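Asker: Pasting in a structure now, in structure tokens, and then I'll have a few things to ask.
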Amino acid sequence: MKNGITSNHKKNSFLFLVYLAGLSIIGFLATDMYLPAFDKMRIDLNASKSSISATMSLFLAGYAIAQLLWGPVSDKIGRPKTVLVGLSIFTVASLGIYFTESVGVLLLLRVVQAIGVCAAAVCWQALVVERYPREETNRIFATIMPLVALSPALAPVMGAFLLNYFGWRSIFIALALITVLLILYTLTIKDDKTNHVQNDKLVDATSDRTYSSLLKSKRYLGNVLIYALCSAAFFAWLTGSPFFLKELGYNESEIGFSFFPQTIAFLVGGYGYRSLSSKVDGKSLLPILLIVYSISTIALYLITISITPTLTILLMPFCLMALVNGACYPIVVAEAMKTSPHNPGKAAAMQNTVQLGICFFASAIVSLFSKDALLTTTLVMTCTIPFVYIGYRLSLK
């Protein structure tokens with residue numbers, strides 16, 4: 136009995152909640168923290184703009200593919216062991232980046248980083264389900280997920296601080312130190328064998344739902360496409376903004392702080408929808424949100440080709456797009472998950488893979504044509520509109 140009480144206390148402790156939040160955001164920190172350092176990295180490594188921005192594109196590619204690999208591994212060996220293996224890989228790769236003098240090695244290590252850190256992204260949600268009573272899981276998810284939305288704003292600011300005082304390489308040391316703390320806490324967690332047995336039985340009973348069959352569901356695919364394409368527009372901005380804002384005369388600190396308004400807008404959209412969700416049907420609200428998304432994205436492109444914009448002018452339509460995305464994501468993700476109630480793990484893994492794959496494609500285009508970063512970025516964002524419409528039509532099937 137004593138061990139049971141201790142175990143329950145540990146599972147539900149504040150420290151464990153912080154640990155879960157750390158697992159949920161570490162991948163986003165690895166994506167966003169080094170954004171203000173793009174130009175300094177380019178100079179230090181004697182690399183092209185395309186090569187440096189490709190470090191994000193390749194990271195997203197590795198992150199997308201590994202989603203499908205770590206899920207079965209975590210079911211077989213357990214969540215804590217999976218987290219330990221994955222985060223250890225990430226830590227070694229981060230330390231390797233600190234010592235690298237070659238942009239080629241940097242690109243390779245970013246892929247290794249992505250593959251490793253993806254274990255945390257796969258496992259933290261399963262840990263919530265396993266370690267908390269069913270009636271508490273929604274509250275726990277609601278507590279942690281806003282932190283994921285905040286990370287794109289906070290991470291570049293942290294990165295800009297480290298860049299200004301310690302150089303760009305210190306960013307990857309900081310990532311390694313954060314990961315070591317997560318590893319140390321993971322060592323204190325014992326695997327819940329009972330839950331794994333139960334989960335294995337559930338998987339066996341519903342194993343007929345494959346990744347390919349998920350993609351054959353038009354309603355699932357349509358909602359996933361909306362989620363992925365709206366995300367791709369955001370990632371195109373993340374990839375291009377360090378370069379075009381630098382070209383417009385802004386320094387690294389200003390670039391870092393530019394992520395705050397869009398994050399606040401995203402949070403307002405998300406929490407705004409949550410407050411309205413009991414009164415307004417999400418599917419009825421979705422077409423309105425997508426119209427506003429289209430208007431804000433087209434406005435960005437028109438501003439780009441018409442004038443030499445300031446950061447404030449650019450942020451006005453982009454923040455509107457971020458607000459719409461914040462409201463849109465929970466609607467389309469929930470609708471996609473409803474199509475596979477017996478295989479939510481597979482549905483979530485495929486959803487994340489499709490999302491990150493399309494984000495990688497958008498980010499790669501911006502990287503390849505970064506000579507005119509602002510025009511390329513806004514053009515890629517605008518090109519998502521017809522595909523979002525296709526996704527919406529499919530979602531109605």
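Everything in the sequence shown is counted per my numbering, starting at 136 for the first residue and increasing by one.
Quick reminder that beta carbons are idealized off the backbone N, C-alpha and C, glycines included.
On a predicted model such as this, the values are computed, not experimentally measured, just so you know.
Mind checking whether T550 and R354 have CB atoms under 8 Å apart?
Answerer: Residue 550 lies beyond the residue range present for the chain, which begins at 136 and ends at 532; the question has no answer from this structure.
Asker: Mind checking which residues open and close the alpha helix (DSSP H) that includes I433?
Answerer: Start and end: 417–441.
Asker: In terms of alpha-carbon separation, which member of L297, I200, R177, L373 lies closest to G239?
Answerer: For G239, the nearest C-alpha among the options comes from R177.
Asker: Whose C-alpha, out of F522, L222, W205, K175, is nearest the C-alpha of V312?
Answerer: Val is not the amino acid found at residue 312; the sequence shown has Leu there. Checking every option, the nearest Cα to that of L312 belongs to L222.
Asker: Count the other CB atoms, across all protein chains shown, that sit within 10 Å of the CB of M516; report buried if there are 16 or more and exposed otherwise.
Answerer: The residue is buried, with at least 16 neighbouring Cβ atoms inside 10 Å.
Asker: At what residues does the alpha helix (DSSP H) containing D77 begin and finish?
Answerer: Summary: the structure shown does not reach residue 77, with the chain confined to residues 136 through 532, and so no result is reported for it.
Asker: What residue range is occupied by the uninterrupted alpha helix (DSSP H) comprising F379?
Answerer: From DSSP, the alpha helix (DSSP H) with F379 extends over 353–382.
Asker: Contact between the region 389–405 and the region 487–494 is defined here as three or more beta-carbon pairs at a separation below 8 Å; is this criterion met?
Answerer: Cβ pair count under 8 Å is below three, so no.
Asker: For F379 versus A508, is the C-beta distance shorter than 8 Å?
Answerer: A contact, by the Cβ cut-off of 8 Å.
Asker: Alpha carbons only, please: which of A182, V501, L510, A484 is nearest the one belonging to S192?
Answerer: Here the closest residue by C-alpha is V501.
Asker: Under a Cβ-count criterion, where at least 16 other Cβ atoms within 10 Å of its own Cβ denotes burial, should Y415 be classed as buried or exposed?
Answerer: The amino acid at residue 415 is misidentified as Tyr; the sequence shows Val. V415 is exposed by the Cβ-count criterion.
Asker: Have a look at C518 and Y267 and give me their C-alpha separation to the nearest angstrom.
Answerer: Cα-Cα distance, rounded: 42 Å.
Asker: For G357, count neighbouring Cβ atoms within 10 angstroms of its own Cβ and tell me buried if that reaches 16, exposed if not.
Answerer: Buried is the call here.
Asker: Could you give the residue range of the alpha helix (DSSP H) that holds E387?
Answerer: Run containing E387: 387–392, per the alpha helix (DSSP H) assignment.
Asker: Can you grab the Cα-Cα spacing for the pair I224 / T443, in whole Å?
Answerer: Their backbone Cα atoms lie some 44 Å apart in a straight line.
Asker: Measuring alpha carbon to alpha carbon, tell me which of C463, T374, L203 ends up nearest T345.
Answerer: If we check each option's Cα against that of T345, L203 comes out closest.
Asker: Please return the same chain residues whose Cβ sits closer than 6 Å to the Cβ of Y198, not counting the five positions on each side in sequence.
Answerer: Hits under 6 Å: A249, C253, L491.
Asker: Taking the alpha-carbon positions, what's the L424 to S286 distance?
Answerer: Rounded to whole angstroms, L424 to S286 spans 24 Å at the Cα level.
Asker: Keeping to the same chain, check which residues put their C-beta closer than 6 Å to that of K381; ignore five residues upstream and five downstream.
Answerer: Result list for K381: D174, in chain order.
Asker: Apart from the five residues just before and just after V162, which ones in its own chain have a Cβ nearer than 6 Å to its Cβ?
Answerer: A small fix is needed here, since residue 162 is Gly in this sequence, not Val. V252, A256.
Asker: Quick one: using the 10 Å Cβ neighbour count with 16 as the cut-off for buried, is S342 buried or exposed?
Answerer: A caution first: S342 carries a pLDDT of 44, below 50, which makes its placement in the model too unreliable to give a value.
Asker: Can you give me the C-alpha to C-alpha distance between Y194 and D167, rounded to a whole angstrom?
Answerer: Note that residue 194 corresponds to Phe in the displayed sequence, not to Tyr. C-alpha separation (whole angstroms): 11 Å.
Asker: Here's a check: name, in chain order, each residue in its chain whose Cβ is nearer than 6 Å to the Cβ of S375, leaving out the five neighbours to either side.
Answerer: The sequence shown places Gly at residue 375, not Ser. These residues qualify, in order along the chain: V501, A508, T512.
Asker: Return the chain-ordered list of same chain residues with a C-beta closer than 6 Å to the C-beta of V246, the five sequence neighbours on each side being excluded.
Answerer: The answer, listed in chain order, is L193, G197.
Asker: Under a three-way DSSP split, which group does M293 fall into?
Answerer: M293: helix per DSSP, three-state reduction.
Asker: Starting from I324 and walking both ways along the alpha helix (DSSP H), at which residues does that stretch end?
Answerer: Run containing I324: none; DSSP gives neither H nor E here.
Asker: Thinking C-beta only, is G391 closer than 8 Å to A309?
Answerer: Their beta carbons are not under 8 Å apart, which means A309 does not touch G391 by this criterion.
Asker: Going by beta carbon distance, what residues of the same chain come within less than 7 Å of K121, once the five residues before and after it are set aside?
Answerer: Because the chain in this structure spans residues 136 to 532, residue 121 falls outside the shown range and cannot be described.
Asker: To the nearest angstrom, how far is the alpha carbon of A367 from that of S498?
Answerer: Using only the alpha carbons, I get a separation of about 8 Å.
Asker: Buried or exposed, going by whether 16 or more other CB atoms sit within 10 Å of the CB of S410?
Answerer: Classification for S410: exposed.
Asker: Hey, quick one: how far does the alpha helix (DSSP H) through F149 stretch, first residue to last?
Answerer: Residues 149–167.
Asker: Report all residues from its chain with a CB closer than 6 Å to the CB of S188; omit the five preceding and five following residues, and keep chain order.
Answerer: Closer than 6 Å at Cβ, skipping near neighbours: T374, S502, S505.
Asker: Would you mind sorting Q333 into buried or exposed? The rule is 16 or more other CB atoms within 10 Å of its CB.
Answerer: Its pLDDT being 42, under 50, Q333 is placed unreliably by the model, and the measurement read from it follows with that caveat. Classification for Q333: exposed.
Asker: Just to confirm before moving on: does the CB-CB distance between V208 and T217 stay below 8 Å?
Answerer: Result yes, Cβ atoms of V208 and T217 sit closer than 8 Å.
Asker: Can you look up A182 in the DSSP assignment and give me helix, strand or coil?
Answerer: DSSP places A182 in coil when its eight states are reduced to three.
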